[in-house]
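Chains as they are written, first to last, in full-length UniProt numbering: chain W, 1 to 209; chain E, 1 to 209.
Number of protein chains: 2
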Amino acid sequence: MGRSRVQGKHAGLTRDQVLRAAVRLADRDGVESLSMRKLARELDVEAMTLYHHIQNKHGLEDAIVEYVLAESLTPPPASAGWQEVVTGHAQELHRGLAKHPGAVPLFATRTAVTPRTLAILEGLLHVLRDAGFAPRTALHLVYAVAGAVVGQHLASAGEPPPPPADLAGDDLPVLTAALAGGPVTLESRLEFTLTALMAGFETLLPRTP
Amino acid sequence: MGRSRVQGKHAGLTRDQVLRAAVRLADRDGVESLSMRKLARELDVEAMTLYHHIQNKHGLEDAIVEYVLAESLTPPPASAGWQEVVTGHAQELHRGLAKHPGAVPLFATRTAVTPRTLAILEGLLHVLRDAGFAPRTALHLVYAVAGAVVGQHLASAGEPPPPPADLAGDDLPVLTAALAGGPVTLESRLEFTLTALMAGFETLLPRTP
DNA sequence: ACCTGAACACCGTTCAAGT
DNA sequence: ACCTGAACACCGTTCAAGT
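Below, the structure written as structure tokens:
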């Protein structure tokens, strides 16, 4: 709002426009096919122009991850139970990745450490510590949940989920039985993993009967 | 052993040599910098020669994943407790990834469904079913473990593990406390995650006192 | 059969130059 | 300040040709 922009030729390409276009392209065609030149074309600009808004391609990838996280994660409510807070965080992360499937592979290699994500992390740790977890245990717990969510997304980000049911024949009876109810979906895998993790976390807590 | 190789010029580049060189280069420089041309140079051969042994770069990446898994995973002992079998499998996967850090990012996008990996999966499912898990639950369990191991490896495959201790100041007291004992390592994160998962799995089993 | 070389359509990024 | 165009050093892959 209010930036006067009558200097050059196209005038006024913002970093935010660049990032939004990058996320859109990644979601449409996949990150691996996202190139500086293609992104520039999409923005009706020369490729070199982008370097005024981001450092380089690495920086663009980091920024995409930060963008998705900023859009998805909210500070945890300080007055809720730790189970609620942790599963809520997992769900936010899950929805963010589901909304931006093209960005998922970037979560494999890049990490976004921003003031905002650090503040959210601190919020989670605070709730967990108040619930009785030691600070370091709480940090491990958050890493475990985040790693599980990202890990399950990545596992289904590749090719279409391999339906090895046909290959099975009679050699793989238990696998065949397991797949009889249809292919295992990302959602069901994620729900199972988080349920198991949460149940496991409970056992780490000192008894409070 | 025994293949006569006196036909062309260099004579006798095998697929296995190609794969070994690819894994070595990936571990040395990272997958993202692994190129057909570089790999060919390493093997003292023209880039196009590689296409006689692999379909294309995609195929090479799949083959690297298969190579690492074949090297790391063994069929589970049929006569061991399910806890032993599952944690053993997780450890094999962990060691394989630790031995080939350059290949780790590939596990994010590619999946290796070979007769061998399917047989190992069936072995795991068999043990779990005998232990009282429903086939589909067993499959979810294996996916949860594999996703956790890969997820934790990926989380630390990126940049040097972010040491946000200094950024913390006084705004992030619980995080600062959590990091007081030094940075959280891949090993400790993995151990915590697997311990929590295993504890969670126990609660899914019908009581057998 | 196995390997080569030139060629095509791309990349990310630097640098000097334009307005 | 912001944007451009040419240039450099790369890519993966096709294709026709060599032995």
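Think of the CB as a built atom: it goes at the ideal place given N, C-alpha and C, for glycine as much as any other residue.
Being a predicted model, the structure only gives us computed values, none of them experimental.
For residue 67 of chain E, the uninterrupted alpha helix (DSSP H) segment begins and ends at 57 to 72.
In the three-state scheme derived from DSSP, where H, G and I count as helix and E and B as strand, residue 81 of chain W is classed as coil. If you draw a 10 Å sphere on the C-beta of residue 79 of chain W, you find fewer than 16 other C-beta atoms in it, and that means exposed.
Taking 9 Å as the threshold, the shortest C-beta distance from residue 116 of chain W to chain E does not fall below it.
Judged by DSSP secondary structure, residue 181 of chain W falls outside any alpha helix (DSSP H); it is assigned neither H nor E. Between residue 66 of chain W and residue 114 of chain W a beta carbon distance of about 6 Å is seen, short of the 8 Å cut, so the two are scored as contacting. Residue 103 of chain W sits in a helix when the DSSP states are folded into three classes. Not one beta carbon of chain E lies nearer than 9 Å to the beta carbon of residue 170 of chain W. Interface criterion met: the Cβ of residue 152 of chain E is under 9 Å from a Cβ in chain W. A Cβ-Cβ distance of about 6 Å is found for the pair residue 125 of chain E and residue 175 of chain W, placing them in contact under the 8 Å criterion. Residue 180 of chain E is classed as exposed because its beta carbon has fewer than 16 other beta carbons within 10 Å across all chains shown. The residue from E/42, E/97, E/54, E/37 with its alpha-carbon nearest to that of residue 15 of chain E is E/54. Cα atoms of residue 132 of chain E and residue 122 of chain E: separation of roughly 15 Å, rounded to the nearest angstrom. The Cβ-Cβ distance between residue 31 of chain E and residue 102 of chain E falls below 9 Å.
In the assembly as shown, residue 134 of chain W is an exposed residue. Its beta-carbon has fewer than 16 other beta-carbons within 10 Å. At least one C-beta of chain E is nearer than 9 Å to the C-beta of residue 204 of chain W.
In terms of CA proximity to residue 93 of chain E, E/68 leads the group E/68, E/106, E/111, E/77. At least 9 Å separates the beta-carbon of residue 127 of chain W from that of residue 64 of chain W. Per DSSP, the unbroken alpha helix (DSSP H) holding residue 201 of chain E starts and ends at 186 to 202. Around the beta carbon of residue 46 of chain W, a 10 Å sphere encloses fewer than 16 other beta carbons of the protein chains shown; the residue is thus reported as exposed. Listed in chain order, the positions of the region 118 to 142 of chain E with a beta carbon within less than 7 Å of a beta carbon of chain W are 118, 121, 122, 125, 126, 129, 135, 136, 138, 139, 140. Contacts with chain W at 9 Å (Cβ-Cβ) include residue 188 of chain E. A buried status is given to residue 193 of chain E, since no fewer than 16 other beta-carbon atoms sit within 10 Å of its beta-carbon.
Taking the C-beta atoms as reference points, residue 71 of chain W is found no nearer than 9 Å to residue 38 of chain W.
The closest CA to that of residue 83 of chain W, considering only W/56, W/171, W/130, W/40, is found on W/130. The closest CA to that of residue 156 of chain W, considering only E/49, E/195, E/143, is found on E/143. Listed by position along chain E, the residues whose Cβ is nearer than 9 Å to that of residue 85 of chain W form an empty set, because the closest Cβ is around 13 Å away. Of the residues W/81, W/107, W/202, W/13, the one whose Cα lies closest to the Cα of residue 50 of chain W is W/13. Between residue 147 of chain E and residue 91 of chain W, the beta carbon gap of about 17 Å keeps them out of contact (Cβ cut-off 8 Å).
Residue environment for residue 105 of chain W: buried (at least 16 other C-beta atoms within 10 angstroms of its C-beta).
With fewer than 16 other CB atoms across the displayed protein chains lying within 10 angstroms of its CB, residue 59 of chain W is exposed. Secondary structure of residue 53 of chain E (DSSP, three-state): coil. Within chain W, the C-beta atoms nearer than 9 Å to that of residue 184 of chain E come from 136, 139, 140, 143, in chain order. Listed in chain order, the non-local C-beta contacts of residue 87 of chain W below 8 Å within the same chain comprise 194, 198, local neighbours out to five positions each way being set aside.
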